[in-house]
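Novice: So that we are looking at the same thing, I have put the structure below in structure tokens.
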Amino acid sequence: MQPVKFLKFLRQFVVLVERNLQLIWNDKLLLASLTLQSPFMVLVVKLTADPNCFTSNLVNIGSRTALFILAAMATFMGTLNSYREICREREIILREASVGVSLPAVVLSKAAVLLLVEVLQAAILALGFVSIVHVPQNHLLLETDMEIFITVLLTMFSSSCIGLLISALFTSGESAILAVLVLMIGQVVFSNIMFTVTGAAATISNIIVCRWGMGALGASTDLNSRMAWLQAGLDGPMYDATVENLTHSWQMLGLISVVCLVAAWLVLQIAFDKKKA
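Residue numbers for the sequence shown follow the UniProt record's numbering, beginning at 1 and rising by one.
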């Protein structure tokens with residue numbers, strides 16, 4: 001990208017980020033929803049998780065359930081944060097593109113604002129989780145609490161990027177909601193946590209955000225060794241407490257994010273080209 005084009009792209013990106021932040025601030029219902037999601041999820045953890053599931057002398061299968069609840073919450077929150085972001089402004093976006101606004105800048109500005117929001121959401125959710133559930137500190141790369149925060153944030157953001165792709169594919173939030181519901185069910189079914197998947201379903205599980213979020217959480221908390229006594233360990237070695245497993249799960253979440261953002265841009269570009277033709 002030439003310097004002049006890059007500076008133009010950067011200016012558009014900054015303006016779009018500012019506009020998106022202002023839209024959130026002006027929409028008090030949306031602002032309240034984004035603000036209250038994490039505290040509500042922490043309350044759910046408080047009501048459902050056993051605080052001693054990791055530290056009890058008797059190995060408790062509730063530790064797996066607690067981590068799955070956390071991974072699923074982060075996944076669902078990310079998707080719900082983003083699935084309307086593009087479709088509700090679709091005509092405006094395409095009209096602005098006709099006068100030179102960069103579609104990649106539009107998609108990246110949406111992602112950047114979601115990332116800012118989700119840093120706060122992930123901090124509240126992760127802090128609430130570790131304050132309720134007594135998670136042992138294994139220190140694979142960082143403090144385990146920090147690793148949990150990073151995993152929750154990456155899980156949220158990856159799900160948000162999938163939500164942006166869904167939003168680019170549909171023309172309204174009402175039409176996108178069915179795809180969101182199917183996606184949420186798929187996150188549970190194909191995560192290989194609640195149900196064991198094989199064959200083609202196992203291949204699908206490689207692109208399931210909840211699976212990789214759970215993999216990172218399992219590695220950080222050394223879940224497999226804690227489940228071994230009951231012979232209830234999670235399928236596969238990806239949940240062993242190793243730096244390789246943790247970083248691989250993070251990398252997969254990052255890869256899913258990048259692929260979905262590029263796909264969202266391409267979908268908008270195709271729609272713009274059709275409209276221009």
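Backbone N, C-alpha and C define an ideal beta-carbon position, used for all residues, glycine too. Quick caveat, the model's predicted, so the values are computed rather than measured.
Assuming the contact rule is C-beta atoms closer than 8 Å, T79 and M184 should be a hit. Round their C-beta distance to whole Å, please.
Specialist: Your numbering for residue 79 matches position 79 in the sequence shown. Your numbering for residue 184 matches position 184 in the sequence shown. 7 Å between Cβ atoms; contact.
Novice: Taking 6 Å as the limit between beta carbons, can you name the residues of its chain near C53, skipping five residues before and five after?
Specialist: Translated into the one-based positions of the sequence shown, residue 53 becomes position 53. So the list reads N60, G62, S63, A66, once near-sequence residues are dropped.
Novice: Whether or not the stretch 149-161 and the stretch 123-134 are in contact is what I'm after, with contact meaning three or more pairs of Cβ atoms, one per stretch, closer than 8 Å; do they touch?
Specialist: Yes: the two stretches touch, three or more of their Cβ pairs being nearer than 8 Å.
Novice: Let me make sure I understand the geometry here. Which of T221, S220, A219, V189 has the alpha-carbon closest to that of N206?
Specialist: Numbered from 1 along the sequence shown, position 206 holds the residue referred to as residue 206. When each option's Cα is compared against that of N206, the closest is V189.
Novice: How long is the line joining the alpha carbons of V197 and R211, rounded to whole angstroms?
Specialist: For the purposes of this step, residue 197 is taken as residue 197 along the sequence shown, with counting starting at 1. For the purposes of this step, residue 211 is taken as residue 211 along the sequence shown, with counting starting at 1. Cα to Cα, V197 sits roughly 12 Å from R211.
Novice: Ends of the alpha helix (DSSP H) at V260?
Specialist: Your numbering for residue 260 matches position 260 in the sequence shown. Per the sequence shown, residue 260 should be read as Cys rather than Val. Unbroken alpha helix (DSSP H) run through C260: 243-276.
Novice: Are there 16 or more other CB atoms within 10 angstroms of the CB of S102, so buried, or fewer, so exposed?
Specialist: Taking the first residue of the sequence shown as 1, we reach residue 102 at position 102. Buried.
Novice: Using the rule of at least 16 other Cβ atoms within 10 Å of the residue's Cβ for burial, across every protein chain shown, is N81 buried or exposed?
Specialist: Taking the sequence shown and counting its residues from 1, one reaches residue 81 at position 81. Counting Cβ neighbours within 10 Å, N81 comes out buried, since at least 16 surround it.
Novice: Would you say the stretch 161-173 touches the stretch 256-273, given that touching needs at least three Cβ pairs under 8 Å?
Specialist: The answer is yes - the stretch 256-273 touches the stretch 161-173, with three or more Cβ pairs under 8 Å.
Novice: Taking contact to mean at least 3 C-beta pairs separated by less than 8 Å, is the stretch 130-145 in contact with the stretch 87-99?
Specialist: The stretch 130-145, when compared against the stretch 87-99, does not touch it at the 8 Å Cβ threshold.
Novice: Answer yes or no: do L113 and I177 have a C-beta to C-beta separation smaller than 9 Å?
Specialist: Position 113 of the sequence shown, counting from 1, holds the residue named residue 113. Position 177 of the sequence shown, counting from 1, holds the residue named residue 177. Correcting the residue identity first, residue 113 is Val in this sequence and not Leu. Their beta carbons are not under 9 Å apart, which means V113 does not touch I177 by this criterion.
Novice: Among the residues of its own chain, which have a CB less than 8 Å from the CB of L31, if the five just before and after it don't count?
Specialist: Against the sequence shown, residue 31 aligns to sequence position 31. So the qualifying residues of the chain are I24, W25.
Novice: Alpha carbon to alpha carbon, how far is L94 from T171? Give it in angstroms, no decimals.
Specialist: The residue you call residue 171 lines up with position 171 of the sequence shown. The residue you call residue 94 lines up with position 94 of the sequence shown. The straight-line gap from Cα to Cα measures roughly 12 Å.
Novice: Any idea if E147 is buried or exposed, counting beta-carbon neighbours within 10 angstroms, 16 or more meaning buried?
Specialist: The residue labelled residue 147 in the question sits at position 147 within the sequence shown. Looking at its Cβ environment, which holds 16 or more other Cβ atoms inside 10 Å, E147 is buried.
Novice: Could you tell me the distance, in whole angstroms, from the CA atom of residue 279 to the CA atom of A201?
Specialist: Outside the displayed span of the chain (1 to 277) sits residue 279, for which this structure offers no information.
Novice: Mind checking R92: buried by the 16 CB within 10 Å criterion, or exposed?
Specialist: Residue 92 sits at position 92 when you count from the first residue of the sequence shown. One detail in the question is off: residue 92 reads as Ile in this sequence, not Arg. Flag for I92 reads exposed.
Novice: Tell me, to the nearest whole angstrom, how far the beta carbon of A271 is from that of V107; I am working on the premise that it is less than 8 Å.
Specialist: For this step, residue 271 is matched to residue 271 along the sequence shown. For this step, residue 107 is matched to residue 107 along the sequence shown. Wrong, their Cβ atoms sit about 12 Å apart, outside the cutoff.
Novice: Got a sec? Which residues, its chain only, sit under 6 Å from D222 by beta carbon, not counting five neighbours each side?
Specialist: Within the sequence shown, numbered from 1, the residue matching residue 222 stands at position 222. Hits under 6 Å: N138, A241.
Novice: Closest to G218 by C-alpha separation, out of I204, T203, E244, S98, would be which residue?
Specialist: For the purposes of this step, residue 218 is taken as residue 218 along the sequence shown, with counting starting at 1. The shortest Cα separation from G218 among I204, T203, E244, S98 belongs to E244.
Novice: If I follow the unbroken alpha helix (DSSP H) through S3, where does it start and stop?
Specialist: Against the sequence shown, residue 3 aligns to sequence position 3. For clarity, residue 3 is Pro in the given sequence; the question names Ser instead. Per DSSP, P3 belongs to the alpha helix (DSSP H) from 3-26.
Novice: Would DSSP call Y239 helix, strand or coil?
Specialist: Locating residue 239 in the sequence shown gives position 239, counting from the first residue. The answer is helix: DSSP assigns Y239 an H, G or I state.
Novice: In the structure shown, what three-state DSSP assignment does D222 receive?
Specialist: Here residue 222 is taken as the residue at index 222 of the sequence shown, counted from 1. Of the three classes helix, strand and coil, the one that applies to D222 here is coil, per DSSP.
Novice: Output yes or no for whether 9 Å exceeds the beta carbon distance between V13 and S160.
Specialist: Counting from one through the sequence shown, the residue named residue 13 turns up at place 13. Counting from one through the sequence shown, the residue named residue 160 turns up at place 160. In the sequence as displayed, the identity of residue 13 is Phe instead of Val. Contact: no.
Novice: Taking the straight line between their C-alpha atoms, what separation do you get for V4 and A111?
Specialist: Residue numbering aside, residue 4 sits at position 4 when the sequence shown is read from its first letter. Residue numbering aside, residue 111 sits at position 111 when the sequence shown is read from its first letter. Taking the straight line joining both Cα atoms gives about 23 Å.
Novice: In angstroms, rounded to a whole number, what distance separates the CA positions of M214 and L47?
Specialist: As a working mapping, residue 214 is identified with position 214 in the sequence shown. As a working mapping, residue 47 is identified with position 47 in the sequence shown. Using only the alpha carbons, I get a separation of about 20 Å.
Novice: Are any of the Cβ atoms in chain B nearer than 9 Å to that of T196?
Specialist: Absent from the structure: chain B. Only one protein chain is present.
Novice: Is it the case that the Cβ atoms of S191 and A97 are separated by a distance below 9 Å?
Specialist: Here residue 191 corresponds to residue number 191 of the sequence shown, with the count starting at 1. Here residue 97 corresponds to residue number 97 of the sequence shown, with the count starting at 1. No. Outside cutoff.
Novice: Between residue 281 and the rest of its own chain, which residues show a CB-CB distance below 8 Å, the 5 nearest in sequence each way excluded?
Specialist: Because the chain in this structure spans residues 1 to 277, residue 281 falls outside the shown range and cannot be described.
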